[in-house]
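Novice:
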Ligand SMILES: Cc1cc2nc3c(=O)[nH]c(=O)nc-3n(C[C@H](O)[C@H](O)[C@H](O)COP(=O)(O)OP(=O)(O)OC[C@H]3O[C@@H](n4cnc5c(N)ncnc54)[C@H](O)[C@@H]3O)c2cc1C
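Numbering (our numbering), first residue to last: 3 to 815.
(1) In the DSSP assignment, what are the bridge partners of residue 347?
(2) In angstroms with no decimal places, state the Cα-to-Cα distance between residue 703 and residue 422.
(3) Just to confirm the assignment, what range does the alpha helix (DSSP H) spanning residue 368 have?
(4) Hey, residue 816 and residue 218: beta-carbon distance below 9 Å or not?
(5) What separation, rounded to the nearest whole angstrom, lies between the Cα atoms of residue 573 and residue 685?
(6) Are there three or more Cβ pairs, one per stretch, closer than 8 Å when the stretch 460–474 is compared with the stretch 496–509?
(7) Compare the C-alpha of residue 106 against each of 667, 625, 655 and 652 and name the closest.
(8) By how many angstroms is the C-alpha of residue 797 removed from the C-alpha of residue 715?
(9) Tell me whether residue 288, by its Cβ, gets closer than 8 Å to a heavy atom of ligand 1.
(10) Measuring CA to CA, which of 277, 418 and 564 is closest to residue 263?
(11) Which of the three DSSP states is assigned to residue 77 in this structure?
(12) Using three-state DSSP, classify residue 391 as helix, strand or coil.
(13) Thinking just about the alpha-carbon of each residue, which of 299, 185, 248 and 173 is nearest to the one in residue 237?
(14) Would you say the beta carbon of residue 260 comes nearer than 8 Å to a heavy atom of ligand 1?
(15) Using only the alpha-carbon positions, how far apart do residue 645 and residue 789 sit?
(16) Are residue 403 and residue 450 touching if we call contact CB-CB under 9 Å?
(17) Any heavy atom of ligand 1 closer than 8 Å to the CB of residue 217?
(18) State the DSSP-derived secondary structure class of residue 261, mapped to helix, strand or coil.
(19) For the stretch 412–465, which segments carrying the alpha helix (DSSP H) assignment without a break, of at least 4 residues, lie completely within its bounds, in sequence order?
(20) According to DSSP, which residues form a beta bridge with residue 242?
(21) For residue 312, count neighbouring C-beta atoms within 10 Å of its own C-beta (all shown protein chains included) and say buried if the count is 16 or more, exposed if not.
(22) For residue 53, does the three-state DSSP call read helix, strand or coil?
(23) So is residue 487 buried or exposed if we call it buried at 16+ other beta carbons inside 10 Å?
(24) For residue 102, count neighbouring C-beta atoms within 10 Å of its own C-beta (all shown protein chains included) and say buried if the count is 16 or more, exposed if not.
(25) Kindly give me the distance between the Cβ atoms of residue 188 and residue 126, rounded to whole angstroms, as I take these residues to be in contact under 8 Å.
(26) Taking 6 Å as the limit between beta carbons, can you name the residues of its chain near residue 333, skipping five residues before and five after?
(27) Nearest to residue 565 by alpha carbon, out of 533, 583 and 598?
(28) Residues in the same chain with beta-carbon distance under 7 Å from residue 467, minus the five sequence neighbours each way, listed in chain order, please.
(29) Three-state secondary structure (DSSP) at residue 560?
(30) Spell out the partners DSSP gives residue 302 in its beta bridges.
(31) Please report the straight-line C-alpha distance between residue 522 and residue 17, rounded to a whole angstrom.
(32) Would residue 779 pass as an interface residue toward chain C - the criterion being a Cβ-Cβ separation below 9 Å?
(33) Go ahead and pull the three-state DSSP assignment for residue 694.
(34) When you compare the stretch 135–149 with the stretch 400–420, are there three or more beta-carbon pairs, one atom per stretch, that lie closer than 8 Å?
(35) At a cut-off of 8 Å, would you count residue 283 as near ligand 2, judging by its Cβ distance to the nearest heavy atom?
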């Protein structure tokens, strides 16, 4: 009987916690179970009186909101205010920027998979499709990356003109201003396609559409500024750049020393109120050729001429580069890429007040404006360019691994190479899935700041893995630069994507979980807001009380769910689909565990979590991987569940789930409180860690898929530029792949006949001589010999690398 009672109490706790029962449900359970327990355990009447007293007090204190707030929530609020980390103005503005989207579901511990599955499919409009097939195709064909990066160190004048004329600089500008008015999805598709051709081309076309004058004007510009600049930017009549970074403010961009002082000055022959500016910026893309400089600076108004504060904060202005005192023109040389990038300086440059983006009303709002734009834009540019270049790397690596033979076998058949190919395929699948899902979210009006940091970081990091693997698969062919090398420059330029729009180490260690924990958590932001609300003490206490008790219920629920789900590795969790049901279940399991872990980390580490970057980074990895898995599953559904893609999906999911498990393990191993770590481990891994990385067999399937033409390979690399000019190395490789597969049976016949014929004799012949011998001996027909000769020529073309006379290697030759 006692045991049964204990089980009933345990079951009640689990059920109430699991379903996030209200305080009243808990109190009711206590009121019912305590007397029954008293009888079952034969507790003395005196003891029962004491227990009843405690229960009654608890019911009154917790059940009467006024008392609960005064006696419980108020002391907690006081402590909370003390341990709340100091948040700088710039951090606060970054936190306030953007929206919470699927990251909120992942933080909830119980993602709504119906919501995910019912997100719209990524579909381009007819006009957007046509632009990709015509204008983008034409531009790609126009650009020879070797000519760009080695010979000219710039795009050709024809390519520049084409970019301007066809509106590439105005992809995000609405049609009413003469722009293309593209969706985020189309914008992303254009960037990805360009990136499969040339990094220089991509950056040049991409930057005016990412964080810069056009986007800032669209969101914050005055009507007069929009009318003046947007049509010119759309047609490339103005070349924009945006200058935030300087020598002493890189990642900590809020610390820019560049300044503007409000004062009177002369402008166009008249005395006007304006700003005297001084700046020193570097790394600014398009600055050397810009006609319109977007500038971030700190504005001061010592004489209060603008009528506000003396210390106004970060402000943004648009300055024509022919304004006296603006210096541009010198170039940096970023890893042999030839996009225009350089420093800019200004000394005592006077501009009128209406150069401020949004006019005087926007004084001091610069940082918030930048963060808001970044929260969407960061989800497009770098993820798309990384994915585009990886599509090219994947397609060529698969083909090359099939065409190139060593030890009488295609190199892709060796297990070591297979491993690299599997990583290329699996990573690319998930990168593209994340790119697409994020673009769809942006088109739905989201500005998903945490999600955009996730895709920026993970697409560029996975891009780095793919670039490395592709280089390894190609061996010397990837290393020797020249017109026939389609990989080397992309490999060289990988660190650019890693560094810009939030350098990756910082993004992983500070931003993803740091912002996510506050923004996407269902209660933390509410608690923080209530704690900061000092203007109305009663309201603050009421809001804090509501959030705090909901938070307790949330944490208890996640603890119980994490434990129960862990016992069955997610089995039994209700999910919407039977296809890949186990993946959805495991993700729900880890989402609950993540929510628990996040709460525990915030509780134990408090404000110091900000400095514990390694813990924060691993928690960010878990959140990110949950997002990437969601995107992979969504992609598989959107693609119509093609069975041929299953190896890619399985590889992506198994790799990510394994990494999620290891990230938890990393947090737990390094968690500062050992007791808390042990308890958490019991809740998260009650039966230990059971996930393994993708098997060798699965890796083999992915590699095989990359090495042969087929729907899965086409889908994986869809949207990349595929040249058809046989002088182009990528085009030749594609043809060589088909030829290799077609000729393989013939090759085998020739080899077998030779073996039988020679029977122990050693006769060294090159490939062409063998073909001739086989034809002469009647082993193959003349037309088959022609096929084999062509195949030999194709393979040779693909394998050969460029060589140069010494003087030809001089830059500019
Ligand atoms: C090719 C190129 C183009 C660019 N284009 C533009 C442009 O058009 N406009 C513009 O304004 N800027 C531009 N940038 C600047 C770019 O945004 C910065 O380079 C970037 O913000 C990093 O600054 P930094 O290079 O000074 O590195 P640093 O800030 O010195 O960082 C160095 C390393 O320290 C890490 N780090 C720094 N702080 C932390 C922290 N708290 N925690 C963990 N790690 C940290 C970073 O992640 C990085 O790995 C460009 C840069 C390049 C290279």
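Backbone N, C-alpha and C define an ideal beta-carbon position, used for all residues, glycine too.
Specialist: Considering the structure as presented:
(1) 282 and 329
(2) 12 Å
(3) 368–379
(4) Residue 816 cannot be examined here, being either before or after the span of the chain that is shown, 3 to 815.
(5) 16 Å
(6) yes
(7) 625
(8) 21 Å
(9) Under cutoff, so the answer is yes.
(10) 277
(11) helix
(12) helix
(13) Among 299, 185, 248 and 173, the Cα nearest to that of residue 237 is on 173.
(14) no
(15) In a straight line, the C-alpha of residue 645 is about 33 Å away from that of residue 789.
(16) no
(17) no
(18) strand
(19) 417–445
(20) 294
(21) exposed
(22) helix
(23) buried
(24) buried
(25) 5 Å
(26) 290 and 344
(27) 598
(28) 425 and 429
(29) If DSSP states are grouped into helix, strand and coil, residue 560 belongs with the helices.
(30) 263 and 313
(31) 26 Å
(32) Among the chains of the structure shown, chain C does not appear; only one protein chain is present.
(33) coil
(34) no
(35) Absence of ligand 2 is noted for the structure shown, with ligand 1 being the only ligands found.
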